[in-house]
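The sequence shown begins at 12 in the numbering used here and counts up one residue at a time.
From the three backbone atoms N, C-alpha and C, an ideal C-beta is built for every residue, glycine too.
Below is one structure, written out as structure tokens; the observations come after it.
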Amino acid sequence: MKMKPAEGPFRIGRSETGLGLFATDVIEKGTFIIEYVGPKITNEEVQRRRNTRYLFEISSRWTIDGSPRWNIARYINHGCRPNAEATVSRGKIRIKAIKRIKPGDEITYNYGKNYFETFIKPTGCKCRSCERKRTKLVGA
């Protein structure tokens, strides 16, 4: 399946960690931004795809595999001080703003403890707030 162009108040662009999703217009706090989509897979299938970084558990039985490139929400990076959050309701993953997001700001949400411990902690968090902390420590 071909990648769909980004639709909404955002664009895909270069971030400090690779590609990211950036606001093109003001997104007010509480505004729905995008749905995280992809094939719905069972826990058995999750075990076969365990090295995939785009798995998002929606219940004890089901997970969304957000790895297809047409899932624009997959470009939202982790942030320790995020401006958005992901909520699961009725089998859907909705991303909404938890603070006002200005044009040009990268949209981020906290991926959660399990993801952080498995994928981020071993290499070090590269989110903007953690990079700033490291820069201050090195410069001190």
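Beta carbon proximity, residue i to chain B, threshold 7 angstroms
| i | result |
| --- | --- |
| R72 | Looking at the structure shown, chain B is missing, and only one protein chain is on hand. |
Exposed unless 16 or more other CB atoms sit within 10 angstroms - verdict on residue i
| i | result |
| --- | --- |
| T98 | exposed |
| N125 | exposed |
| N82 | buried |
| S26 | buried |
| T63 | exposed |
| E117 | buried |
| F21 | buried |
Close beta carbons around residue i, own chain, < 7 angstroms, minus the five adjacent residues each side
| i | result |
| --- | --- |
| T119 | I87, N88, H89, G90, P93, N94, A95 and C138 |
| K103 | E46 |
| E142 | E27 |
| F67 | Y47, T74, I75, G77 and I104 |
Chain-order list of residues whose beta-carbon lies under 6 angstroms from that of residue i (same chain, five-residue window excluded)
| i | result |
| --- | --- |
| K110 | K40 and N94 |
Beta-bridge partners of residue i, as assigned by DSSP
| i | result |
| --- | --- |
| W81 | Note: W81 sits in no beta bridge, so no partner. |
| N88 | T119 |
Residue i versus residue j - alpha carbon distance
| i | j | result |
| --- | --- | --- |
| Y56 | F33 | Note that residue 56 corresponds to Glu in the displayed sequence, not to Tyr. So the two alpha carbons sit approximately 32 angstroms from each other. |
| K113 | T28 | 20 angstroms |
| I69 | R59 | 18 angstroms |
| I23 | T129 | 25 angstroms |
| R85 | G31 | 9 angstroms |
Taking the runs of the alpha helix (DSSP H) that are 4 residues or longer, which of them lie wholly in the segment 14 to 67? 54 to 59
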